[in-house]
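Numbering (the numbering used here), first residue to last: 23 to 295. Where a beta carbon is used, it is the ideal one built from N, C-alpha and C, also for glycine.
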Ligand SMILES: C[S@@+](CC[C@H](N)C(=O)[O-])C[C@H]1O[C@@H](n2cnc3c(N)ncnc32)[C@H](O)[C@@H]1O
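The following block contains the structure:
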């Protein structure tokens, strides 16, 4: 009777291991989300000219971030040397948390190169037990919850580690992206194949999962809007901001011509009565 929880734990651990290996690999390839910002960007941020993105193109509105100098900011599943170093250069006390040591290396590289103070912590976004309750003023969470099978623990943990009045800024995929046959999609065709919520771990054939591993690509999961938006509310947050975003036009992203592929939310932690 104890076998099912152990089986589930094993699957979750293997997903995390797979995705750590995949992101460690991607960080050596120059893939867009693994390339750290340059010294000129850091110098500009020190002069007060900066923005961050949590989706491909649109900058996070200034009023969503407010004054960051002196604030404790958690960059959640945000390795790669982008958001963390910029916020540190703008004066924030930054912790970058990520599952991939090579992605965290990119943040350490920028910190060493440009003399920034950045704490880096390796771990799973669904388990922030290393941090005490009410610890951070702000959490920034770029598109990355597509790499965990269940997003609800991520929202619950984010709520716990934020101080009352703190905010969670989160980017995530529109689940519609996962409706389509992957091979056809890569060739520019939209062929509906999958029922949502989609899981690479369950639906990719064993040979394609093996291929994924061999190619070093992470396993992905769609999440229903009920768990993305409703899940934040369920965790105790009040949604206070929302926008959508897209990729730049590309033949490799056919759905992008028809709808925005990314959602970005601002959620605030109010004290429970
Ligand atoms: C698309 S990148 C996002 C980071 C990037 N700085 C950006 O601007 O979008 C996704 C990140 O999520 C991380 N990740 C994947 N699964 C994770 C998990 N279970 N816990 C923490 N981080 C995870 C990856 O290692 C990777 O660095």
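Spatial neighbours of residue i in its chain, beta-carbon cut-off 6 angstroms, leaving aside the 5 residues before and after
{"i": "residue 240", "result": "41, 44, 169"}
{"i": "residue 95", "result": "109, 114, 116, 160"}
{"i": "residue 141", "result": "117"}
{"i": "residue 187", "result": "none"}
{"i": "residue 244", "result": "197, 200, 218, 219, 220"}
Which of helix, strand or coil DSSP assigns to residue i
{"i": "residue 155", "result": "coil"}
{"i": "residue 144", "result": "strand"}
{"i": "residue 27", "result": "Caution applies to residue 27, whose pLDDT of 48 falls short of 50 and renders its modelled position unreliable; the value that the coordinates give is listed next. It is helical."}
{"i": "residue 219", "result": "coil"}
{"i": "residue 213", "result": "coil"}
{"i": "residue 189", "result": "strand"}
{"i": "residue 81", "result": "strand"}
{"i": "residue 169", "result": "helix"}
{"i": "residue 287", "result": "strand"}
{"i": "residue 50", "result": "coil"}
{"i": "residue 265", "result": "strand"}
{"i": "residue 138", "result": "coil"}
{"i": "residue 109", "result": "helix"}
{"i": "residue 163", "result": "strand"}
{"i": "residue 43", "result": "helix"}
{"i": "residue 260", "result": "strand"}
{"i": "residue 98", "result": "strand"}
{"i": "residue 118", "result": "strand"}
{"i": "residue 195", "result": "strand"}
8 angstroms Cβ cutoff met for residue i and residue j
{"i": "residue 173", "j": "residue 253", "result": "yes"}
{"i": "residue 101", "j": "residue 126", "result": "yes"}
{"i": "residue 145", "j": "residue 121", "result": "yes"}
{"i": "residue 238", "j": "residue 47", "result": "yes"}
{"i": "residue 189", "j": "residue 85", "result": "no"}
{"i": "residue 147", "j": "residue 98", "result": "yes"}
Beta-carbon contacts of residue i that lie in its chain and below 7 angstroms, excluding the five residues immediately before and after
{"i": "residue 296", "result": "Look at the range of the chain in this structure, 23 to 295, and you will see that residue 296 is not part of it."}
{"i": "residue 208", "result": "274"}
{"i": "residue 267", "result": "77, 78, 79, 80, 282, 284, 286"}
{"i": "residue 27", "result": "Model confidence at residue 27 stands at a pLDDT of 48, short of 50, so the residue's coordinates are unreliable and nothing is read from them."}
{"i": "residue 242", "result": "168, 169, 222"}
8 angstroms CB neighbourhood of residue i in its chain, flanking five on each side removed
{"i": "residue 76", "result": "82, 105, 162, 163, 164, 165, 191, 192, 193, 286"}
{"i": "residue 25", "result": "With a pLDDT of 47 at residue 25, under the threshold of 50, the modelled position of this residue cannot be trusted, and the question is left open."}
{"i": "residue 58", "result": "102, 103, 104, 107, 128, 129, 131, 132"}
{"i": "residue 5", "result": "Because the chain spans 23 through 295 in this model, residue 5 falls outside it and cannot be assessed."}
{"i": "residue 155", "result": "182, 183"}
{"i": "residue 23", "result": "At residue 23, the pLDDT of 41 sits below 50, so the modelled position is not reliable; the number obtained from the coordinates is stated separately. Excluding residues within five positions, none has a Cβ falling inside 8 angstroms."}
>> Taking contact to mean 3 or more Cβ pairs, one atom from each stretch, closer than 8 angstroms, check whether the stretch 166-185 and the stretch 274-285 are in contact.
In response: Judged by Cβ distances under 8 angstroms, the stretch 166-185 makes no contact with the stretch 274-285, as fewer than three pairs qualify.
> If you pair each beta-carbon of the stretch 245-259 with each one of the stretch 63-73, do three or more pairs fall below 8 angstroms?
Replying inline: no
> Taking any heavy atom of ligand 1 as the mark, which residues have a C-beta closer than 6 angstroms to it, listed down the chain?
Replying inline: 38, 41, 45, 55, 99, 100, 101, 102, 104, 105, 120, 121, 122, 125, 146, 147, 164, 165, 166, 169, 170
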